[in-house]
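Enquirer:
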Amino acid sequence: MRALTFVPGEKGTLDVEELPDPEPQRGELLVEGLALGICGTDRELDEAEYGWPPPGKDRMVIGHESLGRVLESPDGSAFSPGDLVVGVVRRPDPEPCGACKHGEFDMCRNGRYTERGIKEIDGYGSQKWTVEAAYAVRLDPALADVGVLVEPASVVAKGWEQIERIGSRAWFEPHTLLVTGAGPIGLLAALLGRQRGMEVHVLDRAPRGFKSDLVEALGGTYHSGSSLESFADAKPDIIIECTGAGQLVIDSMITTAATGIVCLCGLAPGGRTHRVDAGVINRDVVLENDVIFGTVNANLRHFRDAAAALAAADRGWLERLITRRVPLSSALEAFQPAENDVKVVIDLTA
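Using full-length UniProt numbering, you'd call the opening residue of the sequence shown number 1 and step up by one each time.
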């Protein structure tokens, strides 16, 4: 079989190579790989910013945004050949911390978790892969063309779960949502906001065009710009920050309505400084009972929530999020950003 592999910690090693077909172990599914989503994490791995190979190996299979079809399933499992599935990314650490022990491995306390295609386990970027039945999620067959969006949607589903848990500390009836950034995570955050009946606003630097069309197709309002100044008076109840841009992160903290919630999903690069009036942030957060939290990764229930959210969404809209499909034979092209990219997907069957 063909697989997309790289050497963690070394630039320029990404390549498509022939590997032996995987042999499912007890309790595992054997899956035909259909598609692989590429995101910023994969590009950072390719740039050798981080990454940890499986023990005893130099190269590893990349890829954590999976989509496949079951070829073989173990007796007694909930899966059957032909099922459409995605695999969960993270696994709990072998000597589990309290969070991992209770199934909350996305909130691991000691950092000894492992992750498919990122940290010590081969990923899903191959024509066949195996996955433990306990870490697989079956999809609605109607998601055959867009199911690769489940992993990024799982990150958003987790964010929404945490927002709703925080909101339940008191009376909670939010009306307005602001999403900063109209990449895959931002657009999926807007989708889940609309599914909750919220008035949705999306801010992105891109001029009106493809992204604004996607937002407006959801029934949201698009704002082209890089500042929150226009929200200074009509402050949103919730902000989901998906850019990692330092100034937007700072401004988000003081731009919510009272008892507002800011969910930080983007990652800011280090090495940049910003002038910050810490007193203003402190007074705003304390006097308005605001909450600011960060979120990353997802566990099994978030993948299931994401699959349900996508199944309830308009298929045509989801298909528009996938702006480029690249055959596995030309996989390196998927790591080169192109104008108007939203989600780039590698077709593992081509």
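Virtual Cβ for every residue (Gly too), placed ideally from N, Cα, C.
Report the start-end ranges of each beta strand (DSSP E) in the segment 77-139 that is 3 residues or longer and not cut off at the edges.
Expert: 84-87, 114-116, 128-132 and 136-138
Enquirer: Quick check: is any heavy atom of the ligand FMN less than 7 angstroms from the C-beta of L36?
Expert: Because no ligand of any kind appears in the structure shown, any question about the ligand FMN cannot be addressed here.
Enquirer: Which residue's Cα is closest to the Cα of T180: L203, P207 and K158?
Expert: For this step, residue 180 is matched to residue 180 along the sequence shown. Answer by Cα proximity: L203.
Enquirer: Buried or exposed for T273, going by 16 or more other Cβ atoms inside 10 Å?
Expert: Numbered from its first residue, the sequence shown carries residue 273 at position 273. Its Cβ having fewer than 16 others within 10 Å, T273 is exposed.
Enquirer: Taking a contact to mean a Cβ-Cβ separation below 8 angstroms, would you say I254 touches G167 in this structure?
Expert: Position 254 of the sequence shown, counted from the first residue, corresponds to residue 254. Position 167 of the sequence shown, counted from the first residue, corresponds to residue 167. Their beta carbons are not under 8 angstroms apart, which means I254 does not touch G167 by this criterion.
Enquirer: Can you grab the Cα-Cα spacing for the pair D290 / A298, in whole Å?
Expert: If you number the sequence shown from 1, residue 290 lands on position 290. If you number the sequence shown from 1, residue 298 lands on position 298. Answer to the nearest angstrom: the Cα atoms are 24 angstroms apart.
Enquirer: Restricting to runs no shorter than 3 residues, where is the beta strand (DSSP E) found entirely within the segment 159-239?
Expert: 176-180, 199-204 and 221-224
Enquirer: Using only alpha-carbon positions, find the residue among A3, A338 and P54 that is nearest to A35.
Expert: The count along the sequence shown starts at 1 and reaches residue 35 at position 35. For the residues A3, A338 and P54, the minimum Cα distance to A35 belongs to A3.
Enquirer: In three-state terms, what does DSSP make of I62?
Expert: Locating residue 62 in the sequence shown gives position 62, where the first residue counts as 1. Note: I62 maps to coil in three-state DSSP.
Enquirer: Using DSSP with H/G/I as helix, E/B as strand and the rest coil, what is E72?
Expert: Numbered from its first residue, the sequence shown carries residue 72 at position 72. In the structure shown, E72 sits in a strand (DSSP, three-state: E or B).
Enquirer: Quick one: give me the first and last residue of the alpha helix (DSSP H) that V286 is part of.
Expert: Position 286 of the sequence shown, counting from 1, holds the residue named residue 286. Here the alpha helix (DSSP H) through V286 covers A278 to L287.
Enquirer: Leaving out five residues before and five after G159 in sequence, what residues of the same chain have Cβ atoms less than 8 angstroms from its Cβ?
Expert: What you label residue 159 is simply residue 159 of the sequence shown in a count that begins at 1. A189, I240, C263, C265 and T295, listed in sequence order.
Enquirer: For the alpha helix (DSSP H) that contains G294, what are its first and last residues?
Expert: Along the sequence shown, read from residue 1 onward, the residue named residue 294 stands at position 294. Careful: G294 lies outside any alpha helix (DSSP H), inside the beta strand (DSSP E) at V291 to G294.
Enquirer: Could you round the C-beta distance between V85 and V155 to whole angstroms and report it? I think they count as a contact, below 8 angstroms.
Expert: To locate residue 85, count along the sequence shown from 1; it is residue 85. To locate residue 155, count along the sequence shown from 1; it is residue 155. Contact flag wrong, Cβ pair sits at about 18 angstroms.
Enquirer: With distances taken from CA atoms, which of Y113, G40 and I238 is nearest C100?
Expert: Translated into the one-based positions of the sequence shown, residue 100 becomes position 100. The candidate whose alpha carbon is nearest that of C100 is Y113.
Enquirer: With respect to the beta strand (DSSP E) encompassing G12, which residues constitute its N-terminal and C-terminal limits?
Expert: Working through the sequence shown from its first residue, we reach residue 12 at position 12. First-last for G12: undefined, no H or E at that position.
Enquirer: Find out if the Cβ-Cβ distance for the pair L348, Q162 is shorter than 8 angstroms.
Expert: Numbered from 1 along the sequence shown, position 348 holds the residue referred to as residue 348. Numbered from 1 along the sequence shown, position 162 holds the residue referred to as residue 162. No.
Enquirer: By how many angstroms is the C-alpha of Q247 removed from the C-alpha of L228?
Expert: Position 228 of the sequence shown holds residue 228. Position 247 of the sequence shown holds residue 247. L228 and Q247: Cα-Cα distance of roughly 10 angstroms.
Enquirer: Nearest to E164 by CA position, among P24, F293 and E132, is which residue?
Expert: Within the sequence shown, residue 164 is the residue found at index 164, counting from 1. Answer by Cα proximity: F293.
Enquirer: Can you name the start and end residues of the alpha helix (DSSP H) that V249 belongs to?
Expert: What you label residue 249 is simply residue 249 of the sequence shown in a count that begins at 1. Its alpha helix (DSSP H) spans residues G246 to S252.
Enquirer: For P236, I'd like the list of residues in its chain whose CB is within less than 8 angstroms of its CB, leaving aside the five on either flank, ordered along the chain.
Expert: On the sequence shown, position 236 is the one that residue 236 refers to. Hits under 8 angstroms: T176, L177, L178, H201, T255, T256, A257 and G260.
Enquirer: Beta-carbon within less than 6 angstroms of S226's beta-carbon, same chain only, minus the 5 sequence neighbours each way: which residues are those?
Expert: If you number the sequence shown from 1, residue 226 lands on position 226. The answer, listed in chain order, is R205.
Enquirer: Under 8 angstroms by Cβ, that's how I've got A142 and L192 pegged, so tell me the actual separation to the nearest angstrom.
Expert: Taking the sequence shown and counting its residues from 1, one reaches residue 142 at position 142. Taking the sequence shown and counting its residues from 1, one reaches residue 192 at position 192. That belief does not hold up - the Cβ atoms of A142 and L192 are roughly 18 angstroms apart, past 8 angstroms.
Enquirer: Which same chain residues end up closer than 8 angstroms to A268 when comparing Cβ atoms and leaving out the 5 residues on each side of it in sequence?
Expert: Counted from its first residue, the sequence shown places residue 268 at position 268. Within the same chain, Cβ atoms closer than 8 angstroms to the Cβ of A268 are found at G244, A245, G246 and V249, the five residues on either side in sequence being excluded.
Enquirer: Who are the Cβ neighbours of Q70 in its own chain at under 7 angstroms, not counting the five residues just before and after it?
Expert: The sequence position of residue 70 within the sequence shown is 70, counting from 1. In the sequence on display, residue 70 carries Val and not Gln. Result list for V70: L29, V31, F79, S80, P81, G82, D83 and V85, in chain order.
Enquirer: Closest to A338 by C-alpha separation, out of I38, G68 and A133, would be which residue?
Expert: For the purposes of this step, residue 338 is taken as the residue at position 338 of the sequence shown. Measuring from the Cα of A338, the nearest candidate turns out to be I38.
Enquirer: In angstroms, rounded to a whole number, what distance separates the CA positions of E132 and S73?
Expert: Within the sequence shown, numbered from 1, the residue matching residue 132 stands at position 132. Within the sequence shown, numbered from 1, the residue matching residue 73 stands at position 73. Answer to the nearest angstrom: the Cα atoms are 10 angstroms apart.
Enquirer: Grab the span of the alpha helix (DSSP H) containing D46 for me, first residue to last.
Expert: By 1-based counting over the sequence shown, the position of residue 46 is 46. Note, D46: alpha helix (DSSP H), G40 to D46.
Enquirer: Under the rule that 16 or more other beta-carbon atoms within 10 Å means buried, what is residue 353, buried or exposed?
Expert: Any property of residue 353 remains undetermined from this structure, which presents the chain solely from 1 to 350.
Enquirer: Would you report the Cα separation of T130 and D122, rounded to the nearest angstrom?
Expert: As a working mapping, residue 130 is identified with position 130 in the sequence shown. As a working mapping, residue 122 is identified with position 122 in the sequence shown. If I take the Cα positions, the gap works out to 10 angstroms.
Enquirer: Bridge partners of L29, per DSSP?
Expert: Within the sequence shown, residue 29 is the residue found at index 29, counting from 1. In the DSSP output, where bridge partners are listed per residue, L29 has V131.
Enquirer: Quick check on V280: buried or exposed, where buried means 16 or more other Cβ atoms within 10 Å of its Cβ?
Expert: As a working mapping, residue 280 is identified with position 280 in the sequence shown. Classification of V280: exposed, given that the 10 Å Cβ count is below 16.
Enquirer: Between C242, G117 and N340, which has its C-alpha nearest S66's C-alpha?
Expert: In the sequence shown, counting from the first residue as 1, residue 66 sits at position 66. Selected option, being the one with the closest Cα: G117.
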